[in-house]
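Student:
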Amino acid sequence: MKVLVKTMFGISNLTQLIALDLSHNQLTGPIPFGISNLTQLTALDLSHNQLTGPIPYWLMNLKKVTFLSLRFNQLTGRIPVEISDLTQLQDLQLSSNQLEGSVPSSIFELRNLEALHLSFNNLSGTVDLNMFLLSFKRLEALVLSSNKMSLLTRTTSSTNMQKFKII
Numbered sequence: 004m005k006v007l008v009k010t011m012f013g014i015s016n017l018t019q020l021i022a023l024d025l026s027h028n029q030l031t032g033p034i035p036f037g038i039s040n041l042t043q044l045t046a047l048d049l050s051h052n053q054l055t056g057p058i059p060y061w062l063m064n065l066k067k068v069t070f071l072s073l074r075f076n077q078l079t080g081r082i083p084v085e086i087s088d089l090t091q092l093q094d095l096q097l098s099s100n101q102l103e104g105s106v107p108s109s110i111f112e113l114r115n116l117e118a119l120h121l122s123f124n125n126l127s128g129t130v131d132l133n134m135f136l137l138s139f140k141r142l143e144a145l146v147l148s149s150n151k152m153s154l155l156t157r158t159t160s161s162t163n164m165q166k167f168k169i170i
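Just so we're aligned, residue 4 is where the sequence shown starts under the numbering used here, counting upward by one.
#1: Distance check for residue 94 and residue 32, CA to CA, integer angstroms please.
#2: When DSSP labels each residue in this structure, what does residue 106 get in the three-state scheme?
#3: What residues are listed by DSSP as bridge partners for residue 78?
#4: Quick check: the stretch 79 to 88 against the stretch 54 to 62, are at least 3 beta-carbon pairs closer than 8 Å?
#5: Going by DSSP, what residues sit across from residue 152 in a beta bridge?
#6: Taking C-alpha atoms, which residue in 78, 112, 131 lies nearest to residue 124?
#7: Count the other CB atoms within 10 Å of the CB of residue 141; is the residue buried (16 or more) or exposed (fewer)?
#8: Taking all protein chains shown into account, do 16 or more other C-beta atoms lie within 10 angstroms of the C-beta of residue 70, making it buried, or fewer, making it exposed?
#9: What is the DSSP secondary structure of residue 84, reduced to helix, strand or coil?
#10: Count the other C-beta atoms from every protein chain shown that fall within 10 angstroms of the C-beta of residue 154, then say buried if there are 16 or more, exposed otherwise.
#11: Just the C-alpha distance for residue 13 and residue 37, rounded to the nearest angstrom, thanks.
#12: Which of helix, strand or coil does DSSP assign to residue 9?
#13: For the stretch 103 to 114 against the stretch 43 to 61, are there 3 or more C-beta pairs whose distance is under 8 Å?
#14: Report all residues from its chain with a CB closer than 7 Å to the CB of residue 109; omit the five preceding and five following residues, and keep chain order.
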């Protein structure tokens with residue numbers, strides 16, 4: 004929708020907005036900077052577009068976000084180390100992009116995380132399943148498939164294993 008992209012500038016004035024869903028809108032180019040002014044957002048869904056470039060650093064200033072979906076775009080680069088600044092985050096969806104590198108260790112600081120979707124990227128390195136289970140007490144969904152990662156698994160006595168499912 005070219006009209007939507009041209010009016011994106013006006014969205015930055017909606018500073019009290021708490022939820023923004025622009026999914027399935029054929030948005031192109033980088034994630035619009037105007038979103039950086041929406042500091043009251045708790046939910047941001049930009050999925051199923053054609054957004055390109057890296058995940059911008061300013062996105063980590065949206066401190067109240069509990070739901071962030073950037074899946075099914077063409078985002079590149081690494082997952083920012085500053086992702087840990089989103090301390091309220093419960094659901095992070097970055098699947099189906101072109102993200103690369105390893106999962107930053109700072110992600111383990113997201114103590115409220117319930118769902119982490121990283122599948123269908125070019126992520127690499129070794130992922131310690133035990134670290135995920137011990138760090139994320141609320142984690143219910145961890146989707147890492149179709150990457151270049153190695154999964155290190157060990158038996159754990161974590162109490163949240165009962166509700167956790169490996170997909």
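Just so you know, even glycine gets a beta-carbon here, dropped at the ideal spot from N, CA and C.
Keep in mind it's a predicted model, so treat the numbers as computed, not measured.
Tutor: On the basis of the data shown:
#1: 24 Å
#2: coil
#3: 56
#4: yes
#5: 128
#6: 78
#7: exposed
#8: buried
#9: helix
#10: exposed
#11: 8 Å
#12: In this prediction, residue 9 has a pLDDT of 47, which is less than 50 and means its spatial position is unreliable; what the coordinates show is noted afterwards. Residue state, collapsed to three classes: helix.
#13: no
#14: 84, 86, 87
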